[in-house]
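Q: Numbering (the working numbering), first residue to last: 17 to 880.
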């Protein structure tokens, strides 16, 4: 570093003998383009105070400064003076076309290629015509990343559940709480909505990851920057809060259905308490809504509880032995009084013979077991509160209440010690009789902490040999997060550092790409794979609350990005909207896909690396999200064979695309499965598959081959001669090829209509007109005594001058093919009438065959 600094300080000395030119080539080009009266934005590095003074003296605009970098706009004439200012060390300008680049998240999840539309993608995808619904703490409506370039909002609807029902007409029905606004009302500024301050802009940072468009600064673009936005600001104090989430999902889906767009819902919020099997009512309601229509998906955060003390207890209950686990008194329990309180879940079929109770163990001066309350079983305890008392030497140590509920195939069993009379006791939850149970209990949940440390040695307390320890498994968020139909996302480290607002580096002692130290773990209670996939979360820079940004500028600018409009956040809350954004990109391409299509595409293209370990796993799921792989997997070229054709000039060719698609469009404009061509070229067909994905064929090349000149048949003596030149020849009699007649000259052996085919390159050929040839005198062409009239005709004609006899009249086209036949009939009177109304326009030959053997011909033109 010392050598580098010495080199930097030597540069001005080396240049002091000549005029400094700080303007790079790109800047000089820009100056010439804007002209002498124009102005340019530029960054100047050096002494900030003196640079600002220079800018103002030159009537420029000072925009801000970070460290020694000043952002400004200068009039063109000022640029010639920059080299004369010794305090300016560098002028930064580039002509490169802007691409809004996101946080490391865009790179880590391979989103940028989807935005650029590269590889096998037919176009770029940014979530256009897709809605992302965000159930969170709200959104910063004033942040430019959630606005269009004209300043209008991208949010098409908000349901703020924290607002009182001040205006009854704004209360969403049938839900009956909160207030609702549409985009026009948001732009009018009448909502009063704000991202909930208690959560420091959580909803805004989540939204920025999913849908931010980088409108504020050009940096930190979201995954689906062109998606529409629907917001639900959840009331975390609502009674039966999980039901409000299910209602929020229903409301968002209904709004999307009204508009007619696919929708992805992100839920970076949840509760760790519950059955963790998606068999609860809110989860089941959500699943039914996901199944109800295509173009719907939901993505949820797995949770951030891995740094909590171990709070999951799950084990196989021994059939004959007794095992136990200690729970602590929670002074601030959810029951409103100090208590031991927890619940556990089990399958009914798995708990038929199990028994359970609570006992007390004295801890001081030594560990001594004091006794159990009554042993209970689920079936006899069902739907009732049973009270038991723990006695020791006739003294009451604690009063135990238990309750068991039956929810379809599961038991929910709650245990409460409401009067723990002494803090010198630990309260053992004991089981026996076989089966399996799962319990999630932690003081911040309002339940009791599970004792996992400070256990006595077995020599001191022999009972401890039967102690069941809590663990770190099955700690993902409850309810919808455990549903197979909801995509659950784990969190890996997005970045290790960033340039903050002070111009210094904010960094963490983490390794990019590794699983976050707080990421919750699967599986579900019933041992299904969760999470499904992982995405970057810790640490992500995203849009935030303006008030929080202003506070950070004053007090905590190390957490604020250099842009001054984005700050750091992390956890699975930031990982989940990454996947929600990818889902929006997928629906942008395939709007009729369903949640299962999306999930298969995501999981089937998840990435493994040196950090993921064996997959699937209970933190990385099936691997790391690959946005490009997910979207590209939906590209299936339309199978066309062959891909090249030869078309003879003057003829036509029909190419048929395969069936099974809902619509077809060829590059020349035809909207049909079949494309009929009469000229060469390159042709591509696009078609929409069952998922709404527009697929495309490879290029089909049609080469137009010229045909030989049309030959003319000339009679010379007894031979027919074809004019012109050709690679090969073929003669035809009455439309049928004559075997061996493949020379330019042919001597006919029988009466009839002769044609010749001149064959050129690639078997492209031209046919002569039909030539009527009579070999014997018994068959005379166009006998003068017969006549046809009217000629031309459209409907009927008459034949006159026929000898009295019995005759057959035949009509033949110019190829010699018979098209009509009449008779036999009597020609008494020397005439006959023929109906030709069924014939197309063209030249025909009338052949009259008499019973006596004479044959006469006449030409007839049919005109419609």
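Glycine included, C-beta positions come from ideal geometry on N, C-alpha and C.
Should residue 170 go down as buried or exposed, given a rule of 16 or more other Cβ atoms within 10 Å for buried?
A: Its Cβ being crowded by 16 or more others within 10 Å, residue 170 is buried.
Q: With H, G and I counted as helix, E and B as strand and the rest as coil, what does DSSP make of residue 621?
A: Residue state, collapsed to three classes: coil.
Q: How many angstroms separate the CA atom of residue 834 from the CA atom of residue 781?
A: Roughly 24 Å separates the two Cα atoms.
Q: By DSSP, does residue 892 sit in helix, in strand, or in coil?
A: This structure leaves residue 892 out entirely; the chain is present only between 17 and 880.
Q: Tell me whether residue 227 is buried or exposed, calling it buried when 16 or more other Cβ atoms sit within 10 Å of its Cβ.
A: Counting Cβ neighbours within 10 Å, residue 227 comes out buried, since at least 16 surround it.
Q: For residue 60 and residue 213, I'd like the C-alpha separation in whole angstroms.
A: For residue 60 and residue 213, the distance between alpha carbons rounds to 37 Å.
Q: Give me the Cα-Cα distance between residue 825 and residue 842, rounded to the nearest whole angstrom.
A: Those two C-alpha atoms are separated by around 11 Å.
Q: Between residue 130 and residue 601, which are expected to be in contact by the criterion C-beta below 8 Å, what is the C-beta distance as a whole number of angstroms?
A: Between residue 601 and residue 130 the Cβ distance is about 5 Å, and since that is below 8 Å, they are a contact.
Q: Are there 16 or more other CB atoms within 10 angstroms of the CB of residue 811, so buried, or fewer, so exposed?
A: Exposed, by the Cβ-count rule.
Q: Using 8 Å as the threshold, is the stretch 495 to 513 in touch with the stretch 584 to 599, meaning 3 or more CB pairs across them?
A: Counting Cβ pairs under 8 Å, three or more are found: they touch.
Q: Taking three-plus beta-carbon pairs below 8 Å as touching, is the stretch 384 to 394 in contact with the stretch 362 to 372?
A: Counting Cβ pairs under 8 Å, three or more are found: they touch.
Q: Residue ranges of each beta strand (DSSP E) run of no fewer than 3 residues wholly in the stretch 327 to 402, ordered along the chain?
A: DSSP runs (the beta strand (DSSP E)) wholly in the stretch 327 to 402: 328 to 332, 339 to 343, 356 to 363, 371 to 378, 384 to 388.
Q: Output the residue ranges of the alpha helix (DSSP H) runs that lie fully inside the stretch 241 to 301 and measure 4 residues or longer, sorted by chain position.
A: Fully enclosed alpha helix (DSSP H) runs of 4 or longer: 257 to 275.
Q: Which value, in whole angstroms, describes the spacing of the CA atoms of residue 798 and residue 727?
A: Note that residue 798 scores a pLDDT of 42, beneath 50, so its modelled location is shaky and nothing firm can be said.
Q: Tell me the DSSP secondary structure of residue 215 in three-state form.
A: Looking at residue 215 - three-state DSSP - the assignment turns out to be helix.
Q: In this structure, how does DSSP classify residue 798 when only helix, strand and coil are distinguished?
A: Only weak support exists for where residue 798 lies, its pLDDT of 42 falling under 50; the coordinates are left without a value.
Q: Counting Cβ pairs closer than 8 Å, one from the stretch 690 to 701 and one from the stretch 665 to 674, do we hit at least three?
A: Output reads yes: the stretch 665 to 674 touches the stretch 690 to 701.
Q: Under the DSSP definition of a beta bridge, which residues are partnered with residue 487?
A: Per DSSP, 328.
Q: Secondary structure at residue 880, three-state DSSP: helix, strand or coil?
A: Residue 880 falls in the coil class under three-state DSSP.
Q: What does a CB cutoff of less than 6 Å around residue 173 pick up in its chain, not counting 5 residues either side in sequence?
A: Closer than 6 Å at the Cβ level, and outside the excluded window around residue 173, lie 198, 246, 271.
Q: Beta-carbon within less than 6 Å of residue 268's beta-carbon, same chain only, minus the 5 sequence neighbours each way: which residues are those?
A: Here the set comprises 149, 246, 281.
Q: Please report the residue range of the beta strand (DSSP E) in which residue 567 lies.
A: Looking at the DSSP string, residue 567 is not in any beta strand (DSSP E); the run it does join, the alpha helix (DSSP H), is 562 to 571.
Q: Output needed for residue 381: all residues of its chain with C-beta closer than 7 Å, excluding positions within five of it in sequence on either side, in chain order.
A: Around residue 381: no qualifying Cβ.
Q: Go through its chain and collect everything with a Cβ distance to residue 644's Cβ below 6 Å, but skip five positions before and after it.
A: Correct list, in chain order: 126, 129, 130.
Q: Considering residue 644, what are the terminal residues of the alpha helix (DSSP H) in which it resides?
A: Here the alpha helix (DSSP H) through residue 644 covers 643 to 648.
Q: Return yes when the Cβ of residue 550 is within less than 9 Å of the Cβ of residue 635, no when it is not.
A: Closer than 9 Å, so yes.
Q: So, are the CB atoms of residue 231 and residue 328 less than 9 Å apart?
A: For residue 231 and residue 328, no; Cβs fall outside 9 Å.
Q: What does the Cβ neighbour count give for residue 70, buried or exposed, with the cut at 16 atoms within 10 Å?
A: Label assigned to residue 70: buried.
Q: Which same chain residues end up closer than 6 Å to residue 816 when comparing Cβ atoms and leaving out the 5 residues on each side of it in sequence?
A: So the list reads 803, 847, once near-sequence residues are dropped.
Q: List the residues that DSSP assigns as beta-bridge partners of residue 772.
A: 747, per the DSSP bridge assignment.
Q: Here's the rule I'm using: 16 or more other beta-carbon atoms within 10 Å means buried, otherwise exposed. How should residue 19 be labelled?
A: Residue placement at residue 19 is flagged as unreliable, the pLDDT there being 29, under the threshold of 50; the coordinate-derived value follows with that caveat. That one is exposed.
Q: Around the Cβ of residue 292, are there at least 16 other Cβ atoms within 10 angstroms (buried) or fewer (exposed)?
A: Its Cβ being crowded by 16 or more others within 10 Å, residue 292 is buried.
Q: When the distance is taken between beta carbons, is residue 700 closer than 9 Å to residue 686?
A: No. Outside cutoff.
Q: With a 10 Å radius around its C-beta and 16 neighbouring C-beta atoms as the bar for buried, classify residue 856 as buried or exposed.
A: With fewer than 16 Cβ atoms within 10 Å of its Cβ, residue 856 is classed as exposed.
Q: DSSP state of residue 598, grouped into three classes?
A: Here residue 598 sits in helix by DSSP.
Q: Grouping DSSP H, G and I as helix and E and B as strand, with all else coil, what is residue 582?
A: The answer is strand: DSSP assigns residue 582 an E or B state.
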